[in-house]
Amino acid sequence: MWEYLWRPWSIFAGTWAIACDFLYHLSFMTWYIQFGPIILTFTLAVVTVLMDEKSKNTKIGASKKEDEKGDTEKPNLKITFFIPIYLIALVVSMTAIYGPPQNNLFDYTRMEFWIFIAVLTFSDVFKYWTDNKEDQKGGMRT
Numbered sequence: 001m002w003e004y005l006w007r008p009w010s011i012f013a014g015t016w017a018i019a020c021d022f023l024y025h026l027s028f029m030t031w032y033i034q035f036g037p038i039i040l041t042f043t044l045a046v047v048t049v050l051m052d053e054k055s056k057n058t059k060i061g062a063s064k065k066e067d068e069k070g071d072t073e074k075p076n077l078k079i080t081f082f083i084p085i086y087l088i089a090l091v092v093s094m095t096a097i098y099g100p101p102q103n104n105l106f107d108y109t110r111m112e113f114w115i116f117i118a119v120l121t122f123s124d125v126f127k128y129w130t131d132n133k134e135d136q137k138g139g140m141r142t
């Protein structure tokens with residue numbers, strides 16, 4: 001349940017960090033305004049894991065097989081390709097409106113940006129491929 005709360009928040013935090021990187025010339029823009037949502041997202045993820053582990057340890061009468069049946073959610077390939085396309089559109093539109101960013105990571109004219117996008121995309125595709133490996137072979141999960 002908790003991942004449905006922090007996944008949208010992490011997309012918001014990433015968008016916020018990228019947008020604030022383009023607005024860094026403003027006087028009120030500081031590092032904690034830019035990276036605060038990312039720090040909060042990391043904190044939320046850690047708290048989520050701790051709460052999830054605590055709830056799994058305190059379940060009464062639940063067997064491990066019942067818990068494993070609920071954790072068979074497959075990754076969504078649409079989201080895997082949506083995030084890099086969204087990041088490219090965000091960076092290109094912010095560059096067109098505000099000019100180049102402060103960091104080189106979000107400057108689409110530099111190679112670092114395209115390496116970041118490629119690593120992000122291929123890591124998500126690799127995760128999707130490894131999670132669905134048994135389904136592609138036609139085998140069953142045990």
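Residues in the sequence shown are numbered from 1 upward in steps of one, following full-length UniProt numbering. Think of the CB as a built atom: it goes at the ideal place given N, C-alpha and C, for glycine as much as any other residue. All of these numbers come straight from a predicted model, not from anything done at the bench.
- Item | Segments assigned alpha helix (DSSP H), at least 4 residues, entirely inside the stretch 10-64 | 31-57
- Message: Mapping the DSSP letters down to three states, classify residue 7 as helix, strand or coil.
- Response: helix
- Task: Confirm, please, whether the CB-CB distance from residue 77 to residue 175 is below 8 Å.
- Result: Past the edges of the chain, shown from 1 to 142, lies residue 175, and the structure says nothing about it.
- Message: Which of the three DSSP states is assigned to residue 103 in this structure?
- Response: coil
- Message: Quick check: residue 44 and residue 98, are their CB atoms within less than 8 Å of each other?
- Response: In this structure, residue 98 does not lie closer than 8 Å to residue 44 by Cβ.
- What do you get for residue 96, buried or exposed, if any count of 16 or more other CB atoms within 10 angstroms of its CB means buried? Residue 96 is exposed by the Cβ-count criterion.
- Message: On the CB-based measure, 16 or more other CB atoms within 10 Å of its CB, does residue 87 come out buried or exposed?
- Response: buried
- Task: Using a threshold of 8 Å, state whether the C-beta atoms of residue 50 and residue 84 are closer than that.
- Result: Result no, Cβ atoms of residue 50 and residue 84 do not sit closer than 8 Å.
- Quick one: Cα of residue 61 to Cα of residue 53, how far? Unreliable placement is indicated for residue 61, whose pLDDT of 46 sits below 50; no coordinate value is reported for it.
- Message: Quick check: residue 107 and residue 116, are their CB atoms within less than 8 Å of each other?
- Response: no
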